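Just below is one structure, and these are the notes that go with it.
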Amino acid sequence: MTEAECLERLRALMKTLGLDAFLIENQDAHHDEYMSYVDCRSSILTGFVNRYAKFVITESKAALWIDCRYLSHHQNALDSKVWTIYLKGHSDTPTREEYLLKVLPSNARVGVNPFYISYRCWNSLEKELTSAGHKLEPVNTDLIDIIRKENGLANRPPPPKKSMFVMDLKYSGKSWQDKVTDIREQLQSRYAYAFVVSKLDELAWLFNIRGDDIPYNPVVYGYALVTLDDISIFIDENKLTEEVQVHLGLNSHNAKHARHVDHVKIYPYDGITSAVADLAKLNKRIWMSTDVAAALGNLISEDNLLIEMSPVARRKVCKNPIEVQGMRNCHIRDAVALCEFWAWLDEEVTNGVTTVQAANKLDKYCSEQDDFLDSCFTTQSYIGNGSTGNTLCPESGKIISAKGLYLNASGRHYRDGTTNITRVMHYGTPSEWEKECYTRVLMGHIDCADTAFPRGTTGHALDAIARRALWRAGLEWMVFTGHGVGHVLMVVEDHYGISNTPFHQELPLSEGMCLTIEPAYYEDDSNGIRKFGIRLENLFVVCPVELKKNHKELGYLQFEIVSFVPFSRNLINTSMMTKPQIKWLNAYHSKCLEVLSPILKEQGRTRALDWLKREAQPLDMNP
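For the sequence shown, counting from 1, position 4 maps to 4 in the UniProt record's numbering; every step adds exactly one.
Here it is in structure tokens:
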């Protein structure tokens, strides 16, 4: 079936269930930032994957809500006579609730799979629909899987059978037993009996385990119940290597169904629903995160359900000293590979290197570094009108020419940390406008990176600092300035970052948080076609700072940079910059030399060392 035929088949299935509308969430049951491609259900209707899109399908309409980064791709790929595209966050964009109330007939029935919508969103949507005389219905049958099967495809594949591995204490900095003790103390403080661990990165962090169940994300499919009395983990038992069994204190010769050693039990992955239902019978307070699936949250009565930010998340986001040092160390190794890559590209670009060849070469250099595990997303490698930072579908292989801006965004997981960095180069003579745009983005990066702020400040409060230089020219970018980064977990971590709109349940920036600063500018022509894109990204650790004063003993924090790759000299117009900005940039380039030169020299990377010395030369101060 074609995508259009799949859409009509979905409508036919909706009709058999008596549904007037159906919601597609592009989400899995765990509601993490990333998921397996197979859980991006909309691809069967659109022909491509976009994990950020949300859909509403009715008898005659099909609408989706997307991030502005992907607008041009969707406009080119989708039939405007069939699809209505809305940009998230725009003032004139209706919410899905508003849209539904506008297009639904009287007394409509709206369906959604309760595993793929959060309890919080379910309640909000149900309230809106009920007040208008409509009804929200749980659809426990996966309609997309039905269409896949009819389309000659297998049902949604089962979770991968890949093995897990243990995060050694020298990398994690804290035992899982101590972490569980912390969580139990939080349970007692909130008068709760149990916490349901439903997010994959929280499961991995809490028990110091990692896996490979989702591409680019070292997590494993599973749940956990941490009560005041015991611990239950719901996971595919075949993934439990001997190392993991010893780590968790399990004995493989115990009972077939559940094993109990030192209060740890293992149950099948799909046993979580019945286990939560059993918890409900205890008439005790159960804590679940705000992103828990409605299918689980709805099992507990409102009187006994505590919906708050996960106690695991609050601890996970602030890295301990061992984790922070690991982030520093892996970024140095990453920078060695990046210098080798940029030096190679500098030599080879005139020979007709494609964007795909460049991405593959960078991946190769990084994979050769000690303790490398995997990339944390597909390396983004774009030239000119491809430089959107769009992760939907990498270019087929444009030549990196001397006539456009080349953007490369990448990141890796190592045993001791996770990296994320973006640079933009021009291998010809950039226009004055390209240089101005690049310099303004760089100025915003520097201004934000160089700020100090009192404890209790959110990233939302700092966002305008990074945008100021662009705003002064009437320019803007429509997405966040920076995101949290997990420690050998998901490269985008919830609850903190830097953005012009507050993050959901945003936490103040705190010591040990790791996050990116990545201002950007994307320019389109009058027809909405992308001309070029600029994004400059480094990773930082939030750390304390002693200042001249300490107003009312607030305590102040600053950003410590851990990425060490020079910015592009031929794109910088220093006449636009202030002396403090140039001073910061020269100090940063000097630090790159100080940190990397001895390593590059020791490893015999002469080409990379020469490139680094050339690119990190001091820039002249303005008179």
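All C-beta atoms, glycine included, are put in the ideal place defined by N, C-alpha and C.
From a predicted model like this one, the values you see are computed outputs, not experimental measurements.
For the options Thr-46, Ala-204, Tyr-86 and Leu-462, the alpha carbon positioned closest to that of Glu-3 is the one of Thr-46. Taking Pro-105 as reference, the option from Glu-518, Gly-18, Ala-29 and Leu-187 with the minimal CA-CA separation is Gly-18.
If you draw a straight line from the Cα of Tyr-267 to the Cα of Gln-177, it comes to about 19 Å. By the Cβ test, the segment 542-554 is in contact with the segment 442-461, since at least three Cβ pairs between them sit closer than 8 Å. Remark: C-beta atoms of Thr-418 and Val-485 approach each other more closely than 7 Å. Assignment of Met-14 by DSSP, reduced to helix, strand and coil, places it in the helix class. The alpha-carbon separation between Met-167 and Arg-415 amounts to approximately 8 Å. Per DSSP, reduced to three states, the secondary structure at Arg-9 is helical. When only Cα atoms are considered, Phe-564 and Gln-603 end up about 17 Å apart.
Residue burial annotation: Met-490 is buried, with at least 16 other C-beta atoms found within 10 angstroms of its C-beta. Annotation: the segment 511-548 contains the following complete segments of the beta strand (DSSP E) (minimum length 3 residues), in chain order: 514-517, 520-524, 530-535 and 538-545. Distance from the CA atom of Met-443 to the CA atom of Ile-517, rounded to whole angstroms, is 12 Å. Counted as a single uninterrupted DSSP element, the alpha helix (DSSP H) harbouring Leu-596 occupies residues 579-602. Given a length threshold of 3 residues, each whole run of the beta strand (DSSP E) inside the segment 188-242 is given here in chain order: 194-197, 222-227 and 231-235.
By the neighbour-count criterion, in which a residue is buried when 16 or more other Cβ atoms sit within 10 angstroms of its Cβ, Arg-210 is buried. In the DSSP assignment, Ala-452 is bridged to Gln-558. Judged by DSSP secondary structure, Ser-367 falls within the alpha helix (DSSP H) whose first and last residues are 355-367. Contact between Val-542 and Glu-511 holds: their C-beta atoms lie close to 6 Å from each other, under 8 Å. In the structure shown, Ile-498 adopts extended strand secondary structure according to DSSP, grouped into three states. Taking Asn-107 as the centre and dropping the five residues before and after it, the same chain places the C-beta of Gly-133 closer than 6 Å to its C-beta, in chain order. Restricting attention to Ser-431, Leu-362 and Gly-111, the CA atom closest to the CA of Lys-15 is found in Gly-111. Between Ala-21 and Ala-343, the CB-CB gap reaches or exceeds 7 Å. 7 Å or more divides the Cβ of Ile-214 from the Cβ of Ser-431. The C-beta of Ile-117 has 16 or more other C-beta atoms within 10 Å across all chains shown, which makes the residue buried. Exclusion of the five residues before and after Asp-450 leaves Trp-584 as the residues of its chain whose Cβ lies within less than 7 Å of its Cβ.
The Cβ-Cβ distance between Arg-41 and Ile-146 does not fall below 7 Å.
Counting C-beta pairs with one atom in each stretch, the segment 215-223 and the segment 330-346 have fewer than three that are closer than 8 Å, which means they do not touch. Nearest Cα to Glu-185 within the set Asp-447, Pro-311, Asp-28 and Phe-559: Pro-311. Taking the Cα positions, Arg-423 is about 7 Å away from Phe-567.
Taking the C-beta atoms as reference points, Ile-446 is found nearer than 7 Å to Gln-581. Contact fails between the segment 459-475 and the segment 193-205, because fewer than three Cβ pairs, one in each stretch, are under 8 Å apart.
Secondary structure at Val-112: strand, using DSSP grouped into helix, strand and coil. Check the Cα spacing between Glu-506 and each of Lys-361, Glu-308, Glu-546 and Cys-121: the tightest is with Glu-308. For Gln-380, the enclosing beta strand (DSSP E) covers residues 380-383.
In this structure Met-621 is exposed. Its beta-carbon is surrounded by fewer than 16 other beta-carbon atoms within 10 angstroms. With a beta-carbon spacing of about 13 Å, Asn-420 and Leu-362 fall beyond the 8 Å limit used to define contacts.
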